[in-house]
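Single-structure report; data block below.
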Amino acid sequence: MIQTRFTEVFGIRHPIVQGGMQWVGIAPLVAAVANAGALGLITALTQPSPEELVREIGRCRDLTDQPFGVNLTILPSIKPPPYAEYRAAIVESGVPIVETAGSNPEPHLPHFHEAGIKVLHKCTSVRHAVKAQSVGVDGVSIDGFECAGHPGEDDIPGLVLIPATVRRLAIPVIASGGFADGRGLVAALALGADGVNMGTRFLCTVEAPVHERVKQAIVDGDERNTELIFRPLRNTARVARNKVSVDVVRMLDEGAQFADIRDLVAGVRGREVFRTGDLDAGIWTAGCAQGLIDDIPTVGELVGRIVDEAEKLMEAGLPALISR
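Under this note's numbering, read the sequence shown as residues 336 to 659, first letter to last.
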């Protein structure tokens with residue numbers, strides 16, 4: 336058993352988190368992660384309404400008696416979701432952990448903390464992590480440049496970003512971006528983190544609710560099979576390389592504006608990729624960790640072998656590794 340400040344503060348058996356993933360973070364996957372002793376997160380905005388979120392939380396409870404959480408990503412938009420109602424649904428459902436991401440979580444913290452909910456906030460820079468600690472979050476997940484989704488605009492990889500963050504914070508830090516196995520967990524712990532967050536690796540498991548062709552594409556891909564889209568818009572996102580993402584990068588480099596690519600990057604098109612297995616139907620998120628993934632295990636098998644590999648590496652110690 337690997338115990339860290341994260342496992343102690345958040346009440347989770349293993350220092351491994353399944354990050355919030357749009358269209359993917361639903362009850363069967365989250366419950367499987369929880370049953371394996373890691374932290375699974377339901378993605379709140381995958382559910383079309385707060386009432387549907389309550390039902391999804393209930394469905395997850397039917398599948399596990401272990402703790403799990405909810406991801407609430409708060410982003411500016413022309414027609415924002417009813418965040419206060421989603422927050423209320425989370426509180427009323429008695430979920431013990433929330434992962435916040437996007438905008439400053441400060442307005443939501445009193446509501447969560449009054450309900451005894453621990454808050455893990457996702458950040459992409461040291462300065463944002465310091466700010467998150469100052470407003471009272473219970474832990475921070477720090478995304479290195481390798482991560483899927485939005486890595487921020489600083490382009491700092493985890494090898495530097497993780498220890499740079501840890502030395503400034505007194506709360507637990509979860510390392511995110513490029514993690515897929517026990518070696519990564521040990522490396523994160525050595526850099527001072529209290530655990531790891533994985534998205535792409537959990538996307539490629541039996542229980543992940545995506546088409547098998549998507550999972551096989553991750554297995555067949557390597558660390559180069561991503562594109563950084565929206566860079567000229569200062570809203571960088573790392574996604575899988577396909578016809579659509581290559582076209583989006585080209586168009587923006589040639590001076591296109593967001594309105595010109597809006598239909599190409601629509602979320603409903605990305606959902607079709609996961610539903611149908613048509614890898615070029617839209618944009619879908621994947622990180623550099625593809626280069627470390629070569630199978631499609633069950634969640635239980637994956638978490639078990641990550642922990643086992645990490646424990647064996649730590650027991651062997653550095654001298655044993657060098658002697659090889």
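Think of the CB as a built atom: it goes at the ideal place given N, C-alpha and C, for glycine as much as any other residue.
All of these numbers come straight from a predicted model, not from anything done at the bench.
- In the DSSP annotation of this structure, the continuous segment of the alpha helix (DSSP H) that includes E420 starts and ends at 418-427.
- Residue state for H456 is assigned as strand, using DSSP reduced to three classes.
- For M533, the beta-bridge partners assigned by DSSP are Q353.
- If you look at L376, you'll find it in the beta strand (DSSP E) that goes 376-378.
- The three-state reading of DSSP puts E589 in coil, since its state is none of H, G, I, E or B.
- The Cβ atoms of K578 and D615 sit closer than 7 Å to each other.
- Proximity to C458 across Y418, V508, A450, P442 peaks at V508, based on C-alpha coordinates.
- Note on the region 458-511: whole alpha helix (DSSP H) runs with a minimum of 4 residues are 461-470, 493-501, in chain order.
- E434 is bridged by DSSP to N406, L455.
- Its chain contains N532, G534 as the residues whose beta carbon lies nearer than 6 Å to that of G354, once the 5 sequence neighbours on both sides are disregarded; these appear in chain order.
- For the pair L444 and G471, the CB atoms are nearer than the 7 Å cut-off.
- Separation of L364 and H456 (C-alpha to C-alpha, rounded to the nearest whole angstrom) is 21 Å.
- Residue environment analysis places K647 among the exposed positions, since fewer than 16 neighbouring C-beta atoms fall within 10 angstroms of its C-beta.
- Annotated as distal: A651 and R573, with beta-carbon spacing of 7 Å or more.
- Put simply, the backbone Cα of S580 is about 10 Å away from that of M586.
- In the DSSP assignment, I392 falls outside any beta strand (DSSP E) and lies within the alpha helix (DSSP H) extending over 385-398.
- C-alpha of G590 to C-alpha of G556: approximately 30 Å in a straight line.
- DSSP places E562 inside the beta strand (DSSP E), whose first and last residues are 561-564.
- Closest in C-alpha terms to E488, from the list Q338, S460, D473, L380, comes S460.
- Taken in chain order, the whole alpha helix (DSSP H) runs of length 4 or more contained in the region 597-623 are 602-611.
- The Cβ atoms of V583 and I564 lie closer than 7 Å to each other.
- Beta-bridge partners assigned by DSSP to A572: I564.
- Cβ-Cβ distances below 7 Å link C539 to K550, I553, V554, I628, I631 in the same chain, with the five nearest sequence neighbours on each side left out; the list follows chain order.
- Bounds of any alpha helix (DSSP H) do not take in R348, whose DSSP letter is neither H nor E.
- Note that the region 631-644 does not touch the region 390-402; fewer than 3 beta-carbon pairs, one per stretch, sit closer than 8 Å.
- DSSP places E542 in the coil class of the three-state scheme, outside both helix and strand.
- M336 and A515 have their C-alpha atoms some 18 Å from each other.
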